[in-house]
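Visitor: Take a look at this one; I'll ask things after.
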Amino acid sequence: MIRAGLIALLVTGCASAPKTSRIDVSDFDAMAAAMAESLSSSEALATRGPGSEPWVITVDKVTNLSDDVMTTAEQWSVMQRIAGSLPVRALRENQNVSMVLPRGRSDAVLAEAEGQLPGALRTTPTHVLHATFRSLERTQADRRTDVYFCEFELFDIADGEPVWTDRFEYKREARGHIWD
Amino acid sequence: MPIASRISRLVSTLVLPVCAVSFSAASGGCSGTPAVDDRFPVHTLYNAEFGRARHHVAAHLSDNTKDRRYLLDRARLGMYTLADGYGESAVHVFTDVYDAIRTQGVNEGKEVVAIAINEDLKLWKGEPFEQAIALAYTAMAHAQVGSWDNTRAASRNALFYLRDFGYDQQTKERLNQLALAQRAAAHDRGDPDGIDLDHGYAVAESNFALAYLLHGVASQQLDRPDEADDYFRRALQFAPHAEDTINAFADGDYNAVLVVSHGLGPRKVGIGPAEAVAAFRPRTSSDGSALSVQLNDGPAQRVHWLTDVNEMAADHLWNNLEDVRKAKAAIGDTLLALGAGTGLYAITRGDEGSTRDAAAAVAVGLLLTGAILREGAHADLRFNDAIAQRYYAVPLKLPVDSLDATPHAKPLTVTLQVDGRPASRLVLRGLETPDDRPGKTAVFRYVRLPARPGDIPLPWATNDAVFLGNPVTGAASEHPLPILFEFGNDARPPTDAALRDYQDAGSLLGTTLADLRELYRQRNYTWELEDTRGVAGLHVLEGGDSLVAPMGGTTGFQRLYGNPRYLQQTQPNDSLVGAEQRPGDNSARRIQ
């Protein structure tokens, strides 16, 4: 009884929330929104209209060169978030730009992405959107900071020239002993 | 009142209740959190029965992230799952493991609990070497499914910095944990030769050679040659005895990578006063033996070990909680001594009522606190018993199309054995190789050898045939029949390709794939990972209900499909196989 009470008192009295410097879903949301906005308002698309030659942009999963593990689902979800965002979906009608997933991936996501990836899923792509994540890590005994650099590039498949690039950076910090 | 009587009264009024509390704490304190998994049958590891091992751990797994064994049991499950050849399932488990390890300070605020009650009331995060090895397994699980970018990231995380307290000036040997605890206590007493555990260390680079090598291989596969060379150099720095192997990796002339482990990692024990200091004792001895690797009938190459876990665990570099344990033991002893002294004072000053009562009350407090602290001073003896004793890495140049296992083909075999340990011998089959197209990366397999002592290898481990049909090498007979049926010899899940093979051989004519699947469902068999929350269950051949197959070129693959014993286990079921549809030859044929 005494022991149980002492444990309860000490545990509840001293516990604090643990932290991690890993990438999380909120980072993906913020990143996808920023990149979609950047792409839709870019110079590359400024002169385009509904009657322009169609662009079909295929996307690939994120290339993860960061120091954090990203599951395959996470690597795809960033690109799916961009493809499904309102600014990018609006490009189809306003600037004749469609964003599609590769054939292998499109079959897997068709069901879950209902209504978010309109049309052109198997159209021959004209452009490809790449994303590469990198990071810098700084570690102390009771603190770790990771700065993530997420680079997005849109290439014209015909000549390999980049038509749009942008990057998204964010920092995450975790306190507490790494081993504890 | 005579002294003897006063002592007797004090014992009965003060000490006995303290002892009762102490006994209560001792008897009930850790009953819910055993130091080791006492239910675990160790012979499953000796016999490389990793299916049963993971099934056992999975059966006791808690989904509660606040459970004190949450990380420990997940790490064990992941390691057994990868050893059993289930790459995707292992990735699934290690995603949780990685997330838990990367979450810092989960025990923040629980230091007082650990000191006052018991170290093992904290959430288990393991010693640093256990964390580093778990992260290396995370890296290997991702490599096994071809996700080299995550292999790179996970192995990078396994290379965290360590605290180095150096050597004993007199013996010139590395300070061990007990010596460190004594020097820390000396520091607390003001001894200038003592060691301040909080600040008296140098930050040291990790010496975890396996993680450096994994990072180097991953960098190579991601076409980052400069980075790869850097990590191979560091692997060589910490494992110079494996120079030939590391240089072979650095040359890049390979298309398959094996990481081979052997033996049981060390056991954690308590040593010193009140067993307050943790130390690791070998379960499999370190003998420095090389690994013999033979491709088909070619010459055997010898590969030297990269990482010896006995060595890691014995080095204070890879341990971190002794300061807390020592503090608890010291404080507990001091308070017990103070309490006894105060009690004696109360006895001898028995004629001064108020002073005696006050002293007695103080004695009660000190004794009670001291006894509780002393009780809790013992080290947390939970440890990850799934870790192996040693790890080798093997670069292989396999011939293209090695997966051709038709009855007329000579399938590729890789034979592994630790020198001087014949019972560790294992023949790998079903190892796939990539084609030569640009951009294709190397195949990776983690292989855990049987740990049994003695000279006699396990029969299934050295069989020269695949006896049962499987998704990797296909049908094992010219007359394949699902294992659902009497004389069944095919353990493939119900697919179009499998059904076509059955029907081409004259069986199950008129049966549709839907019919076949329904028959499996009636037996409650599963064959998709999604049906079992991403982690394959125990295979049907071993008494479970899963038809999900281990990957080729793994211990699990050989144990299931290289074992003729399982041919005898098929159960009669004539509901779909009419007599006229029975294959003429029901005996399974071996693939030579």
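From first to last, the protein sequence lines are chains A and B. Here the numbering used here is used: the first residue of the first sequence is 29, the next is one more, and so on. Here the numbering used here is used: the first residue of the second sequence is 19, the next is one more, and so on. Backbone N, C-alpha and C fix where the C-beta goes; we use that ideal spot for every residue, glycine too.
1) So if I threshold CB-CB distances at 9 Å, which residues from the stretch 91 to 122 of chain A count as touching chain B?
2) To the nearest angstrom, how far is the alpha carbon of GLU536 (chain B) from that of PRO512 (chain B)?
3) Just curious, the beta strand (DSSP E) that ARG166 (chain A) is in, first and last residue?
4) Rounded to the nearest angstrom, how far is the Cβ of PHE56 (chain A) from that of VAL106 (chain A), given a contact under 8 Å?
5) May I have the straight-line CA-CA distance separating MET569 (chain B) from GLU106 (chain B), to the nearest angstrom?
6) Helix, strand or coil: which one does DSSP assign to ASN168 (chain B)?
7) Output the residue ranges of the beta strand (DSSP E) runs that lie fully inside the stretch 217 to 287 of chain B and measure 3 residues or longer, sorted by chain position.
8) Between GLY357 (chain B) and chain A, is the shortest Cβ-Cβ distance under 9 Å, so that the two count as touching?
9) Please list the partners that ALA202 (chain A) has in chain B, where partner means a Cβ-to-Cβ separation under 9 Å.
10) Determine whether the Cβ of ASP88 (chain A) lies closer than 9 Å to any Cβ atom of chain B.
11) Relative to the C-alpha of VAL484 (chain B), which residue among B:LEU467, B:ASP473, B:GLY574 and B:ALA516 is closest?
12) Cβ atoms of LYS89 (chain A) and THR75 (chain A): under 9 Å apart, would you say?
13) Are the C-beta atoms of VAL109 (chain B) and some chain A residue less than 9 Å apart?
14) Quick check: what's the CA-CA separation for ARG541 (chain B) versus THR530 (chain B)?
15) Using three-state DSSP, classify PRO500 (chain B) as helix, strand or coil.
16) Taking the alpha-carbon positions, what's the THR360 (chain B) to HIS73 (chain B) distance?
17) When the Cα atoms are used, what is the spatial distance from ARG50 (chain A) to LEU93 (chain A)?
18) State yes or no: is the C-beta of TRP323 (chain B) within less than 9 Å of the C-beta of GLN239 (chain B)?
19) Let me see if you follow: with CB-CB separation under 9 Å, is LYS286 (chain B) close to chain A or not?
20) Kindly list, in the order they appear in chain B, the residues whose Cβ is closer than 7 Å to that of HIS205 (chain A).
21) Would you give the residue range spanned by the alpha helix (DSSP H) that VAL252 (chain A) belongs to?
22) So, does the CB of ASP244 (chain B) fall closer than 9 Å to a CB anywhere in chain A?
23) Within the chosen definition, does the stretch 538 to 552 of chain B reach the stretch 521 to 528 of chain B through at least 3 CB pairs nearer than 8 Å?
24) Beta-carbon of PHE178 (chain B) versus every beta-carbon of chain A: anything under 9 Å?
25) For the structure I just gave you, are there three or more beta carbon pairs, one from the stretch 491 to 503 of chain B and one from the stretch 80 to 96 of chain B, closer than 8 Å?
26) What are the boundary residues of the beta strand (DSSP E) that ARG311 (chain B) is part of?
27) Excluding the 5 residues preceding and the 5 following ALA93 (chain B) in the sequence, name in chain order all residues of the same chain whose CB lies nearer than 6 Å to its CB.
28) Is the shortest distance between the beta-carbon of GLU81 (chain A) and the beta-carbons of chain B less than 9 Å?
29) With a cut-off of 8 Å on the beta carbons, I'd call PRO468 (chain B) and LEU444 (chain B) a contact; round off their distance for me.
30) Are the C-beta atoms of ARG76 (chain A) and some chain B residue less than 9 Å apart?
31) Which first and last residues belong to the beta strand (DSSP E) in which ILE85 (chain A) is found?
32) So the alpha helix (DSSP H) ASP80 (chain A) belongs to, where does it begin and stop?
33) Tell me which residues share the same chain as VAL321 (chain B) and place their Cβ nearer than 7 Å to its Cβ, disregarding the 5 neighbours each side in the sequence.
34) Counting only beta-carbon atoms, is HIS334 (chain B) nearer than 9 Å to chain A?
Guide: The answer reads as follows:
1) THR91, ASN92, LEU93, SER94, ASP95, ASP96, VAL97, MET98, THR99, THR100 and GLN103
2) Near 10 Å, if we compare the C-alpha coordinates of PRO512 (chain B) and GLU536 (chain B).
3) 155 to 168
4) 5 Å
5) 10 Å
6) helix
7) 220 to 222 and 274 to 280
8) The predicted model places GLY357 (chain B) with a pLDDT of 47, which falls under 50 and marks its position as unreliable, so this point remains unresolved.
9) ARG120, THR121, GLN122 and GLY123
10) no
11) B:GLY574
12) Taking C-beta atoms as the reference points, THR75 (chain A) and LYS89 (chain A) fail to come closer than 9 Å.
13) yes
14) 17 Å
15) strand
16) Any reading at THR360 (chain B) must be qualified, since the residue scores a pLDDT of 49, below 50, and its modelled position is unreliable; the value itself is stated next. Looking at the two C-alpha atoms, the distance is approximately 55 Å.
17) 14 Å
18) no
19) Not one chain A Cβ lies under 9 Å of LYS286 (chain B).
20) GLN122 and GLY123
21) Missing from the structure shown is residue 252 (chain A); chain A here goes from 29 to 208 and no further.
22) no
23) no
24) yes
25) no
26) Position check: residue 311 (chain B) holds Val in this sequence, whereas Arg was assumed. Per DSSP, VAL311 (chain B) belongs to the beta strand (DSSP E) from 309 to 313.
27) Excluding sequence neighbours, ALA93 (chain B) sits near VAL115, ALA152 and ASN402.
28) Cβ-Cβ to chain B under 9 Å: no for GLU81 (chain A).
29) 7 Å
30) The beta-carbon of ARG76 (chain A) is placed no less than 9 Å from the nearest beta-carbon of chain B.
31) Run containing ILE85 (chain A): 83 to 87, per the beta strand (DSSP E) assignment.
32) A small correction: the amino acid at residue 80 (chain A) is Ser; Asp does not occupy that position in the sequence shown. SER80 (chain A) -> no alpha helix (DSSP H), and no H or E assigned at all.
33) Within the same chain, Cβ atoms closer than 7 Å to the Cβ of VAL321 (chain B) are found at THR263, ALA308, LEU309, VAL311, TYR410 and VAL412, the five residues on either side in sequence being excluded.
34) no
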